[in-house]
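First to last, the sequence lines map onto chains A and B. Numbering-wise (numbering that gives the first Met the number 0), the first sequence opens with residue 0 and increments by one. Numbering-wise (numbering that gives the first Met the number 0), the second sequence opens with residue 0 and increments by one.
Protein chains: 2
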Amino acid sequence: MDVTPATGNAWTDPACPVARTVDLVGDRWSLLIVRDAMDGATTFTEFRRRLGIARNILTDRLRRLVEYGILDRSATTDGRRHTYRLTEAGQDLFTTVVALRQWGERHAFAPDEPRSVLVDERGRELARLRPLSQDGTPLSAGTSHVRKTG
Amino acid sequence: MDVTPATGNAWTDPACPVARTVDLVGDRWSLLIVRDAMDGATTFTEFRRRLGIARNILTDRLRRLVEYGILDRSATTDGRRHTYRLTEAGQDLFTTVVALRQWGERHAFAPDEPRSVLVDERGRELARLRPLSQDGTPLSAGTSHVRKTG
DNA sequence: CCCAAAAGGTTTCAAAATGCAACCTATCCA
DNA sequence: TGGATAGGTTGCATTTTGAAACCTTTTGGG
């Protein structure tokens, strides 16, 4: 990839894939734009309606997401200037969005608070995401570690 | 949970678990602090050394992560004022960090760029996280949707 | 054909978040 | 006793964000 991050054109921690992802989509709005794109939003106005985001910020975030290869912008013929759709890289953020959602469900809601739910085509909630070793052993922070490079 | 977000004490989108999680840890630094805590960092100085973050910002983020129940701060007897450790909620962010990492590996690196790798106790890379339905069917943004509440 | 409304922005300016550097305080250890 | 180390706080400049006004193109009704 030849993408540069928002961070003054330098990665916060160039060798770390976590840090690079945070540099690209770790702001207040980008992942929520992706979330809404996954839920069917395609136009500037629709994103704005769902998010309540300032116009200039939305303009900037859409431009950046396109630049990063997460959204694709195409012209339309129906009076709307552009349609935004997730690229394959954008759709691949699904796992990340699900992980954020599941953590939020477990730790950011009181038991009785109403919340939106992500369901499959039969209306069932998803299985809990679990990091596994190649052989299927469940892994946690305690049973894994970062191997440095270079 | 009775936690309030950084966002001027109001949730960006109160019913959405994705948005609540972003409100809590979706800034430039929080998830990198959690990442380093998972990799063994426990002191102010150690976080600072690894991240290159400004002192006042680190102070603020540690305070917020403690307030949100993600880190636990305990006094020490060895000249360090405090030790920061992940709570259970903090450790549960492991899945989210892995999701960010795996996306970054796939989409934010050129094929030949050096990167750090997360491995299990035998040195093997993790299996790819995959959102699944309750019955084990793989799911994507296209085969799932958000069910609104309220 | 004309005009109002809608879509998708851009611009301006104020407010908030971030970052750097200097300063402060408590402990340890020689 | 005094310097080094840990863990901050404070002041100020820079950057990012946000609200509101303004602009341009398309579209659809009369």
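Where is the CB? At the ideal position from N, CA and C, for every residue including glycine.
Test: B/T142 CB closer than 8 angstroms to a CB of chain A: Chain A places a beta carbon closer than 8 angstroms to that of B/T142, counting this residue as a contact.
Segment contact, 8 angstroms Cβ cut-off, at least three pairs: the stretch 138-148 of chain A with the stretch 90-107 of chain A: With the cut-off at 8 angstroms, the stretch 138-148 of chain A and the stretch 90-107 of chain A do not touch.
If the cut is a Cβ gap below 7 angstroms, which residues of chain B does A/E66 touch? By Cβ distance, chain B contributes nothing, its closest Cβ being about 13 angstroms from A/E66, past 7 angstroms.
Would you give the residue range spanned by the alpha helix (DSSP H) that A/A18 belongs to? 16-24
Measure how close the beta-carbons of B/T86 and B/L70 come, nearest whole angstrom, since I'm counting them as under 8 angstroms. 7 angstroms
Per DSSP, which residues does B/V168 bridge with? Please list them. Because chain B here runs from 0 to 149, residue 168 of chain B falls outside it and cannot be looked at.
Out of curiosity, what's the CA-to-CA distance linking A/L50 and A/I32? 8 angstroms
Range of the contiguous alpha helix (DSSP H) that encloses B/L30: 29-37
If we cut at 8 angstroms on Cβ distances, does B/R84 have a partner in chain A? no
Between the Cα of B/G78 and those of B/Q90, B/F43, B/A107, spot the shortest distance and give me the residue it belongs to. B/F43
Just to confirm the assignment, what range does the beta strand (DSSP E) spanning A/D71 have? 70-74
Establish whether the CB of A/L128 and some CB of chain B are separated by less than 8 angstroms. yes
Which residues of chain B have a Cβ atom closer than 8 angstroms to the Cβ of A/S139, listed in chain order? Within chain B, the residues near A/S139 are Q90, F93.
Can you check whether the C-beta of A/T44 is within less than 8 angstroms of a C-beta belonging to chain B? no
Quick one: what does DSSP say A/L99 is sitting in, helix, strand or coil? helix
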